[in-house]
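Colleague: Supplied in structure tokens, the structure appears directly below.
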Amino acid sequence: MSDIGEKCGVFGVYGKGLDVARISFFGLFALQHRGQESSGIATSAGWRIACHKGMGLVSQVFSEDDIKKLTGHIAIGHNRYSTAGGSHVDHAQPTIVGDWSIALVHNGNIPSTVALEEFLRGKDIETDKLSDSRMIAQAIGVFVKEGATIEDAIKKTFPLMTGAFSILVMSKDKLIAIRDECGIRPLSIATLNGGFVLSSETCAFQTVGAEFLRDVNPGEMVVIDANGLRSEQIVKPNPKLDIFEFVYFARPDSHLLGKSVYSVRRNFGVQLAKEYPLRADVVIPVPETGVPVAIGYASESGIPLEMGIAKNRYIHRTFIQPEQHIRDQGVKAKLSPIIETIKGKRVAIVDDSIVRGTTSRKIVEMLFGAGATEVHYLISSPPIMFPDFYGIDTPKQRDLLASDKSIPEMRAYLGATSLNFLSYNGMIKATGISEDKFSTSCFTGEYPIDIKERMKEIVAKKVCYTPFVE
Ligand code: 5GP
Ligand code: MG
56 MSDIGEKCGV FGVYGKGLDV ARISFFGLFA LQHRGQESSG IATSAGWRIA CHKGMGLVSQ
116 VFSEDDIKKL TGHIAIGHNR YSTAGGSHVD HAQPTIVGDW SIALVHNGNI PSTVALEEFL
176 RGKDIETDKL SDSRMIAQAI GVFVKEGATI EDAIKKTFPL MTGAFSILVM SKDKLIAIRD
236 ECGIRPLSIA TLNGGFVLSS ETCAFQTVGA EFLRDVNPGE MVVIDANGLR SEQIVKPNPK
296 LDIFEFVYFA RPDSHLLGKS VYSVRRNFGV QLAKEYPLRA DVVIPVPETG VPVAIGYASE
356 SGIPLEMGIA KNRYIHRTFI QPEQHIRDQG VKAKLSPIIE TIKGKRVAIV DDSIVRGTTS
416 RKIVEMLFGA GATEVHYLIS SPPIMFPDFY GIDTPKQRDL LASDKSIPEM RAYLGATSLN
476 FLSYNGMIKA TGISEDKFST SCFTGEYPID IKERMKEIVA KKVCYTPFVE
């Protein structure tokens, strides 16, 4: 079970007099991009916890009635997206333990769950069917049952969790946030009408009218209750945000480490133009995440920016299996060419990353099919050669296009005229943040939090991109 990668969004609210369920609904709605498989909200009115969760998008899971039933002054919510392990409502969060006295939501992944499993088995708790998140909740529940306060229970569980976690825990009267020592996944705090809001990304604060206060620090525990907000540093911080949050995952209107995600992505494009000036007639972004990068590339290079690919706005993971004819159409249900901007042109196509290469290959085919004379592929990150263990869910190493191919081999696979990746140094420089503040594991194979026995899944690779030197 521990191999279920979870790239998720978490959201929490504490505030007397606030409609916490409704605020959480809109918060999760703003975090929909972090997970589309299932969604859920738990609330507490001080004496009991209520929860509603289900499969699908936030707007599909909650009706007005569901929201009305979730009363109280504390709430936590979760959006989940998993690709391995199958989708099932059993995996939906919040996860509830301790006779409905504790609810928990988790963004991240614990690569090795051996310590948690051993602990729980020692307490006669069966772990076979439990996800990492559920094991964490169970462990906290055990300590509380043995008489610990919720804060102490979390502190005692901390050493059992080796991995990435941005977690919200709700008891009947407290909202608690914790982040792993590296702060691999983001988590921020805001104020709202005398109360507090917690969110994976700051974009959700704008949606609900909350005012950004600060990030939860790596290794910190923040406790919010009737006495207000207090904080405790549980372990020594070793800040290393996953740089892939800047590259792909976060929404452009969010801020990470105080930097605008949009501005950083635009800088990636400016940097790409410095590293790889092209003779091209038009710069076209792959929607959505390629857009800020393409804007940067076009402005630095002077090559006109055009919309050349339209994205179906309503595309998301569907529970209806497409019939074979539609499946064969592949990416066309999602992306479709605008012939007028492509035909007869030398196209510079800009995207954020290449994972398996399947989509990118179809995009090249689509552009040539629409009459492009040349297709130059530009990527705003270095080749992804190593899998993720901290909650992004990039596939097994052998499925990564860059894991066994050189850049010329990748270019040939895609069928593109040229293929260029932003240099590692160029990517770091464009963030304006120093390298040691990031986890860059998918590019370098250096995992800042011990992945323990999972290390055997990694084949060491010679990093195949040449560093950019000014
Ligand atoms: P590929 O050509 O590797 O099949 O797909 C590349 C596309 O995948 C890029 O447009 C990139 O934005 C997107 N991408 C990168 N990481 C992820 C991820 O974790 N999940 C999903 N669904 N798409 C991703
Ligand atoms: Mg994309």
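Under the numbering used here, residues 56 to 525 are what the sequence shown spells out, in order. Using N, Cα and C, we set each Cβ at its ideal position, and we do this for glycine too.
(1) From this set, 332, 492 and 64, which residue's C-alpha is nearest residue 292's C-alpha?
(2) Can you give the Cα-Cα distance for residue 373 and residue 111, rounded to whole angstroms?
(3) Please tell me whether, using a cut-off of 8 Å, the distance from the CB of residue 351 to the nearest non-hydrogen atom of ligand 2 is below it.
(4) Within 10 Å of its beta-carbon, does residue 75 have 16 or more other beta-carbons around it, so buried, or fewer, so exposed?
(5) Say yes only if the C-beta of residue 355 is nearer than 8 Å to one or more non-hydrogen atoms of ligand 2, and no if none qualify.
(6) Who are the near neighbours of residue 320 in its chain, counting only those whose CB is closer than 6 Å to its CB and skipping five residues on each side?
(7) Does the segment 211-220 come close enough to the segment 153-171 to have 3 or more Cβ pairs within less than 8 Å?
(8) Using only alpha-carbon positions, find the residue among 228, 341, 412 and 257 that is nearest to residue 281.
(9) Given 8 Å as the limit, tell me if residue 343 has its C-beta closer than that to any heavy atom belonging to ligand 2.
(10) Rounded C-beta distance between residue 324 and residue 351? I'm assuming under 8 Å.
(11) Bridge partners for residue 97 per DSSP, in chain order?
(12) Using the three-state DSSP reduction, which class does residue 366 fall into: helix, strand or coil?
(13) So what does DSSP say about residue 216, is it helix, strand or coil?
(14) So within the segment 165-242, which uninterrupted alpha helix (DSSP H) runs reach at least 4 residues, ignoring any that extend past its ends?
(15) Could you check what DSSP says for residue 444 in three-state terms: helix, strand or coil?
(16) With a threshold of 8 Å, establish whether the CB of residue 409 neighbours any heavy atom of ligand 1.
(17) Compute the Euclidean distance between the alpha carbons of residue 468 and residue 249, then round it to the nearest angstrom.
(18) By Cβ distance below 6 Å, which residues in the same chain neighbour residue 268 in space, the five residues on each side in sequence not counted?
(19) Span of the beta strand (DSSP E) holding residue 340?
(20) Between which two residues does the beta strand (DSSP E) carrying residue 267 extend?
(21) With a CB to CB cut of under 6 Å and the five nearest residues on each side skipped, what residues in its chain are close to residue 72?
(22) Can you give the Cα-Cα distance for residue 355 and residue 403, rounded to whole angstroms?
(23) Apply the 10 Å Cβ neighbour rule to residue 133 and answer buried if 16 or more other Cβ atoms are within range, or exposed otherwise.
(24) Does the Cβ of residue 317 lie closer than 8 Å to at least one heavy atom of ligand 2?
(25) So, at 8 Å on beta carbons, what are the nonlocal neighbours of residue 497 in its own chain, with the 5 sequence-adjacent residues on each side left out?
(26) Between which two residues does the beta strand (DSSP E) harbouring residue 279 extend?
(27) Given the structure, does residue 406 come close to ligand 1, in the sense that its CB is under 8 Å from one of the ligand's heavy atoms?
(28) Just curious, the beta strand (DSSP E) that residue 403 is in, first and last residue?
(29) Excluding the 5 residues flanking residue 454 on each side, which residues of the same chain have their C-beta closer than 7 Å to its C-beta?
(30) Pull up the distance between the alpha-carbon of residue 139 and that of residue 357, whole angstroms please.
(31) Is the beta carbon of residue 397 less than 9 Å from the beta carbon of residue 365?
(32) To the nearest angstrom, how far is it from the Cα of residue 152 to the Cα of residue 226?
(33) May I ask which residues mark the beginning and end of the alpha helix (DSSP H) holding residue 415?
(34) Near residue 207, what residues of its chain come up, given a Cβ to Cβ distance below 8 Å and the 5 sequence neighbours on each side ignored?
(35) Exposed or buried, what is residue 361 when buried is set at 16 or more other beta-carbons lying within 10 Å of its beta-carbon?
(36) Could you give the distance in angstroms between the alpha-carbon of residue 179 and the alpha-carbon of residue 209?
Modeller: By the coordinates alone:
(1) Comparing Cα positions, the closest option is 492.
(2) Because the pLDDT of residue 373 is 49, which lies under 50, any placement of that residue in the model is unreliable, and the question is left without a value.
(3) Not under cutoff, so the answer is no.
(4) That one is buried.
(5) Checking every heavy atom of ligand 2 against the Cβ of residue 355, none is found closer than 8 Å.
(6) Counting only Cβ-Cβ distances below 6 Å, and skipping sequence neighbours, we find 347 and 348.
(7) Yes, they touch.
(8) When only C-alpha atoms are compared, the closest one is 228.
(9) It does: the Cβ of residue 343 is within 8 Å (strictly closer) of some heavy atom of ligand 2.
(10) Rounded, the Cβ-Cβ distance is 2 Å, consistent with contact.
(11) As computed with DSSP, residue 97 is found in a beta bridge with 106 and 131.
(12) Residue 366: strand per DSSP, three-state reduction.
(13) It is coil, neither helix nor strand.
(14) Taking only runs of at least 4 residues, the alpha helix (DSSP H) segments lying wholly in the segment 165-242 are 169-177, 187-200 and 205-212.
(15) Residue 444 falls in the coil class under three-state DSSP.
(16) For residue 409, the shortest separation between its Cβ and any heavy atom of ligand 1 lies below 8 Å.
(17) Residue 468 and residue 249 have their C-alpha atoms spaced approximately 56 Å apart.
(18) In the same chain as residue 268, and ignoring 5 residues on each side of it, the C-beta atoms closer than 6 Å to its own belong to 244, 245 and 246, in chain order.
(19) Here the beta strand (DSSP E) through residue 340 covers 337-340.
(20) Counted as a single uninterrupted DSSP element, the beta strand (DSSP E) harbouring residue 267 occupies residues 266-270.
(21) Once the five neighbours on either side are set aside, residue 72 has no close Cβ partner at all.
(22) One alpha carbon belongs to residue 355, the other to residue 403, and they sit about 13 Å apart.
(23) Burial call: buried.
(24) Incorrect: residue 317 has no Cβ contact closer than 8 Å to ligand 2.
(25) Exclusion of the five residues before and after residue 497 leaves 299, 439, 440, 441, 442, 443, 447 and 449 as the residues of its chain whose Cβ lies within less than 8 Å of its Cβ.
(26) Note, residue 279: beta strand (DSSP E), 275-280.
(27) Correct: residue 406 has its Cβ closer than 8 Å to ligand 1.
(28) Per DSSP, residue 403 belongs to the beta strand (DSSP E) from 401-406.
(29) Taking C-beta separations shorter than 7 Å and ignoring five residues to either side along the sequence, the partners of residue 454 in its chain run 411, following chain order.
(30) Caution applies to residue 139, whose pLDDT of 47 falls short of 50 and renders its modelled position unreliable; the value that the coordinates give is listed next. Approximately 43 Å between the Cα atoms of the pair.
(31) In this structure, residue 365 does not lie closer than 9 Å to residue 397 by Cβ.
(32) Residue 152 and residue 226 have their C-alpha atoms roughly 10 Å apart.
(33) Taken as a continuous stretch (DSSP letters only), the alpha helix (DSSP H) holding residue 415 covers 413-424.
(34) Contacts found: 198.
(35) So residue 361 ends up on the buried side.
(36) Between the alpha carbons of residue 179 and residue 209 lies a distance of about 20 Å.
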